[in-house]
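**Student:** These protein sequence lines map, in sequence, to chains A and B. In this text, residue positions in the first sequence follow the numbering used here: the first is 254, and each later residue adds one. In this text, residue positions in the second sequence follow the numbering used here: the first is 254, and each later residue adds one. Sharing a structure here in structure tokens format.
Protein chains: 2
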Amino acid sequence: MPPLECVPNVSEGRRPEVVARLVAAVTSVPGVRLLDVSSDPDHNRSVLTLAGTAGDLRKSLLALYETALLEIDLTRHEGVHPRVGAVDVVPFVPLGDTPMEEAVAAAEALATEVADRFGLPVYLYEKAARRPERRLLADIRRGGFEGLAAKMADPAWLPDLGPDRPHPTAGATVIGARFFLIAFNAVLDTPDVTVARAIAKKVRESGGGLPAVRAMGVHLASRGRAQVSMNLVDFRRTSVLTALNRVRQEAEALGVRVMETELIGLMPHEAAAGVMRETLQMPSFASDRVLESRLLEEGND
Amino acid sequence: MPPLECVPNVSEGRRPEVVARLVAAVTSVPGVRLLDVSSDPDHNRSVLTLAGTAGDLRKSLLALYETALLEIDLTRHEGVHPRVGAVDVVPFVPLGDTPMEEAVAAAEALATEVADRFGLPVYLYEKAARRPERRLLADIRRGGFEGLAAKMADPAWLPDLGPDRPHPTAGATVIGARFFLIAFNAVLDTPDVTVARAIAKKVRESGGGLPAVRAMGVHLASRGRAQVSMNLVDFRRTSVLTALNRVRQEAEALGVRVMETELIGLMPHEAAAGVMRETLQMPSFASDRVLESRLLEEGND
């Protein structure tokens, strides 16, 4: 297993040819594995899931920044998802037994090089944050690209690295280290974004809802639907199924229903196994109960 | 992927040392992979899940018969699961693109050798059946080991191969070929087996219940519970979750509840993914949404 996962979120989800060039950039480094690409036209955002060593991921991400800076102009970008950068946020995630320190070190090394090479203001967040008030992405991102120049004028929001004003077309970038996160969206049978926002407010931890859940309501113009977009930052505290059932319950109270759900990126095996155990009341369920998983395992004969 | 799965069911689920010797026997053939062992003391039965080539599985199964005939005496065997043999039933299952004919051929080759070498009466069932009335295992097994001599006295129930009377301690054996089957049990919060039987009758296809579902009610003395024991013979027609929800519904109508469920052997990835899709209303869920599954895949970078 590679030591690190890296999940760059880029502000482009509408032009497939641009997404293809961004993908080509990250995969230009041989050691890096591309595990997933999730693009959404309403969010106007793509989430790439990569795995590799710190060194290979750094090279891969530098290629991504280079391409994104050429291809993405935030002054002409619109989308329902908050963002401050062309390469909006780049979290490093330890896989397997990798210590968090290794993910933090990878974030810091990338941050330094990105600031130097591209003249981009960099904020460090979560486990890589240098100030406690920068742990939460939502706080760094508040105000968006459009509010970035004003925000940086406040000394409390000077970037951690790089120039003290936004890049004219690429804004800033947020780099950090965190544990695995499940990005999970529930599409409602209403186009009314106020309903989605009301549900999100009830469900998220900051509103007194479920632990380790972040949520916002957004409008999906291309589908004529509203969506509750969630981040489950610790699926052991709140599982995908628990979060969904709470959304279902709050939706019902408002007279709407969940039509379908989607994952952005991947979920760990253990999160899926947990859903199986919960749904089937099957405490013994684990990936070793799945034929193909057993067949994939090596040396068990 | 190996071409065939083989799932021998042996009439021993109480003596771990005997199960260990049976496992040692099947794994004495280097090419054979042991994917799972599920033993149950109330059923007094163990289900081994093996994978390999027809030739390797044949050698492995011959070793299993040899050991089982030494270790298991059906005249002293009791258990809630119906059985006619020490090695009760041996299905071959095609994996991946393997044609069913290959599984049938493996069943026939093993049947011939088992009859010759061990003087065991053999019935061929399901896709390997030589007579239509022998397709269903339940029909062959009706009357159990205790009724076997009387059954064989009827010319309609002469074995397909081997002697026309039961082996004194090992009875007969049923060998065949079939598609993948999910063996799935729901434990009730009652010890009353008549309730489990009533639920099983409503749920199973032969009682007008769910398609491709076989079910029986059994008593689990060691747990003080009754159990609905199911075989889902085509999970695309009736999924694990659909079967469970029907059991839950019938149980509720009788004032009892499902306490937990268990899998005997394995389920295919696609069956688990189907449960995830259904539970989470997530049409896009597939194993490629699971981090570790993506990491296990080769050459996707």
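Just so it is clear, CB atoms sit at the ideal spot from N, CA and C, and this is done for glycine as well. The model shown is predicted, which means the values in this text are computed figures rather than measured ones.
#1: Assign residue 198 (chain A) to one of three DSSP states: helix, strand, or coil.
#2: Name the residue from A:321, A:516, A:254 whose alpha carbon lies nearest to the alpha carbon of residue 279 (chain A).
#3: Taking only beta-carbon atoms, is residue 390 (chain A) less than 8 Å away from chain B?
#4: Give me the chain B residues within the contact set of residue 597 (chain A), using Cβ-Cβ distance strictly less than 8 Å, ordered along the chain.
#5: What beta strand (DSSP E) runs, 3 residues minimum, are completely inside the segment 405-486 of chain B?
#6: Rounded to whole angstroms, what is the Cα-Cα separation between residue 283 (chain B) and residue 256 (chain B)?
#7: Let me know the secondary structure DSSP gives residue 491 (chain A) once reduced to three states.
#8: Which value, in whole angstroms, describes the spacing of the CA atoms of residue 429 (chain B) and residue 362 (chain B)?
#9: Put residue 303 (chain B) into one of helix, strand or coil per three-state DSSP.
#10: Taking the DSSP output, what are the residues bridged to residue 292 (chain B)?
#11: Tell me whether the segment 475-482 of chain B and the segment 436-450 of chain B touch, counting them as touching only if at least three CB pairs, one residue from each stretch, are closer than 8 Å.
#12: Within its chain, find whatever has a CB closer than 6 Å to the CB of residue 554 (chain B); leave out the 5 residues flanking it on each side and keep chain order.
#13: Name the DSSP beta bridge partners of residue 328 (chain B), please?
#14: Is the Cβ-Cβ distance between residue 485 (chain B) and residue 542 (chain A) less than 8 Å?
#15: Taking Cβ to Cβ, would you say residue 424 (chain A) is nearer than 8 Å to residue 389 (chain A)?
#16: Return the Cβ separation of residue 342 (chain A) and residue 518 (chain A) in integer angstroms, given the expectation that the two are a contact with Cβ distance under 8 Å.
#17: In three-state terms, what does DSSP make of residue 514 (chain B)?
#18: Should the segment 455-466 of chain B be regarded as contacting the segment 366-382 of chain B, the criterion being three or more beta carbon pairs within less than 8 Å?
#19: Can at least three beta-carbon pairs, one atom from the segment 467-474 of chain A and one from the segment 441-450 of chain A, be found at a separation below 8 Å?
#20: For residue 552 (chain B), I'd like the list of residues in its chain whose CB is within less than 8 Å of its CB, leaving aside the five on either flank, ordered along the chain.
#21: Mind checking which residues open and close the beta strand (DSSP E) that includes residue 369 (chain A)?
#22: Which of the three DSSP states is assigned to residue 507 (chain A) in this structure?
#23: Compare the beta carbon distance of residue 264 (chain B) and residue 327 (chain B) with 8 Å and say whether it is the shorter of the two.
#24: Against chain B, with Cβ distances strictly below 8 Å, would residue 235 (chain A) count as a contact?
#25: Which same chain residues end up closer than 7 Å to residue 416 (chain B) when comparing Cβ atoms and leaving out the 5 residues on each side of it in sequence?
#26: Using the beta-carbon count (16 or more within 10 Å), is residue 387 (chain B) buried or exposed?
#27: Please report whether the beta-carbon of residue 537 (chain A) lies at a distance below 8 Å from any beta-carbon of chain B.
#28: Residues of the segment 329-354 of chain A in Cβ contact with chain B at a cutoff of 7 Å, in chain order, please.
#29: Residue range of the beta strand (DSSP E) that residue 392 (chain B) falls in?
#30: For residue 273 (chain B), which residues of its own chain have a beta-carbon under 6 Å away from its beta-carbon, when the five flanking residues on both sides are left out?
#31: Kindly indicate which three-state DSSP category residue 543 (chain A) falls into: helix, strand or coil?
#32: Tell whether a beta-carbon distance below 8 Å holds between residue 299 (chain A) and residue 275 (chain A).
#33: Less than 8 Å between the C-beta atoms of residue 431 (chain B) and residue 337 (chain B), yes or no?
#34: Mind checking whether residue 397 (chain A) and residue 335 (chain A) have CB atoms under 8 Å apart?
#35: Taking C-alpha atoms, which residue in B:522, B:313, B:418 lies nearest to residue 434 (chain B)?
#36: Identify the continuous alpha helix (DSSP H) that holds residue 279 (chain A) and give its terminal residues.
**Tutor:** A quick look at the data gives this:
#1: Outside the displayed span of chain A (254 to 554) sits residue 198 (chain A), for which this structure offers no information.
#2: Residue numbering aside, residue 279 (chain A) sits at position 26 when the first sequence is read from its first letter. Nearest C-alpha to residue 279 (chain A): A:321.
#3: The count along the first sequence starts at 1 and reaches residue 390 (chain A) at position 137. No, residue 390 (chain A) does not count as interfacial toward chain B.
#4: Residue numbering for chain A in the displayed model covers 254 to 554; residue 597 (chain A) lies beyond these limits and cannot be assessed.
#5: 426-430, 435-441, 466-473, 478-485
#6: Within the second sequence, numbered from 1, the residue matching residue 283 (chain B) stands at position 30. Within the second sequence, numbered from 1, the residue matching residue 256 (chain B) stands at position 3. Distance between the alpha carbons of residue 283 (chain B) and residue 256 (chain B) is about 16 Å.
#7: Locating residue 491 (chain A) in the first sequence gives position 238, counting from the first residue. Here residue 491 (chain A) sits in coil by DSSP.
#8: Here residue 429 (chain B) is taken as the residue at index 176 of the second sequence, counted from 1. Here residue 362 (chain B) is taken as the residue at index 109 of the second sequence, counted from 1. Approximately 10 Å between the Cα atoms of the pair.
#9: Counted from its first residue, the second sequence places residue 303 (chain B) at position 50. Residue 303 (chain B): strand per DSSP, three-state reduction.
#10: The count along the second sequence starts at 1 and reaches residue 292 (chain B) at position 39. Looking at the DSSP assignment, residue 292 (chain B) forms a beta bridge with B:299.
#11: yes
#12: Within the second sequence, residue 554 (chain B) is the residue found at index 301, counting from 1. Its pLDDT being 36, under 50, residue 554 (chain B) is placed unreliably in this model, and the value from its coordinates should be taken loosely. Cβ within range, chain order: n/a, list empty.
#13: Sequence index remark: in the second sequence, residue 328 (chain B) carries index 75 (1-based). Per DSSP, none; premise fails for residue 328 (chain B).
#14: Taking the first residue of the second sequence as position 1, residue 485 (chain B) is located at position 232. Taking the first residue of the first sequence as position 1, residue 542 (chain A) is located at position 289. Contact: no.
#15: The count along the first sequence starts at 1 and reaches residue 424 (chain A) at position 171. The count along the first sequence starts at 1 and reaches residue 389 (chain A) at position 136. Against a cut-off of 8 Å, the Cβ pair of residue 389 (chain A) and residue 424 (chain A) comes out as no contact.
#16: For this step, residue 342 (chain A) is matched to residue 89 along the first sequence. For this step, residue 518 (chain A) is matched to residue 265 along the first sequence. That pair is no contact at about 12 Å.
#17: Translated into the one-based positions of the second sequence, residue 514 (chain B) becomes position 261. Residue 514 (chain B) falls in the strand class under three-state DSSP.
#18: no
#19: yes
#20: Against the second sequence, residue 552 (chain B) aligns to sequence position 299. For residue 552 (chain B), the predicted structure reports a pLDDT of 45, less than 50, and the residue's modelled location is therefore unreliable. The matter cannot be settled from this model.
#21: One-based indexing of the first sequence puts residue 369 (chain A) at position 116. Not the beta strand (DSSP E): residue 369 (chain A) falls in the alpha helix (DSSP H), residues 353-371.
#22: Taking the first residue of the first sequence as position 1, residue 507 (chain A) is located at position 254. Reduced to three states, the DSSP call for residue 507 (chain A) is coil.
#23: Locating residue 264 (chain B) in the second sequence gives position 11, counting from the first residue. Locating residue 327 (chain B) in the second sequence gives position 74, counting from the first residue. Against a cut-off of 8 Å, the Cβ pair of residue 327 (chain B) and residue 264 (chain B) comes out as a contact.
#24: Outside the displayed span of chain A (254 to 554) sits residue 235 (chain A), for which this structure offers no information.
#25: Within the second sequence, residue 416 (chain B) is the residue found at index 163, counting from 1. Here the set comprises 372, 374.
#26: Along the second sequence, read from residue 1 onward, the residue named residue 387 (chain B) stands at position 134. Buried.
#27: Mapped onto the first sequence, residue 537 (chain A) falls at position 284. Closer than 8 Å: yes.
#28: none
#29: Looking up residue 392 (chain B) in the second sequence gives position 139. Careful: residue 392 (chain B) lies outside any beta strand (DSSP E), inside the alpha helix (DSSP H) at 390-394.
#30: Here residue 273 (chain B) refers to the residue found at position 20 when the second sequence is read from its first residue. Around residue 273 (chain B): no qualifying Cβ.
#31: Working through the first sequence from its first residue, we reach residue 543 (chain A) at position 290. Residue 543 (chain A): strand per DSSP, three-state reduction.
#32: Here residue 299 (chain A) refers to the residue found at position 46 of the first sequence. Here residue 275 (chain A) refers to the residue found at position 22 of the first sequence. Yes; because the gap between Cβ atoms is below 8 Å, this pair is in contact.
#33: For this step, residue 431 (chain B) is matched to residue 178 along the second sequence. For this step, residue 337 (chain B) is matched to residue 84 along the second sequence. No, Cβ-Cβ distance for residue 431 (chain B) and residue 337 (chain B) is not below 8 Å.
#34: Against the first sequence, residue 397 (chain A) aligns to sequence position 144. Against the first sequence, residue 335 (chain A) aligns to sequence position 82. Yes, Cβ-Cβ distance for residue 397 (chain A) and residue 335 (chain A) is below 8 Å.
#35: As a working note, residue 434 (chain B) is residue 181 in the second sequence. That would be B:522, whose Cα lies nearest to the Cα of residue 434 (chain B).
#36: What you label residue 279 (chain A) is simply residue 26 of the first sequence in a count that begins at 1. Per DSSP, residue 279 (chain A) belongs to the alpha helix (DSSP H) from 269-279.
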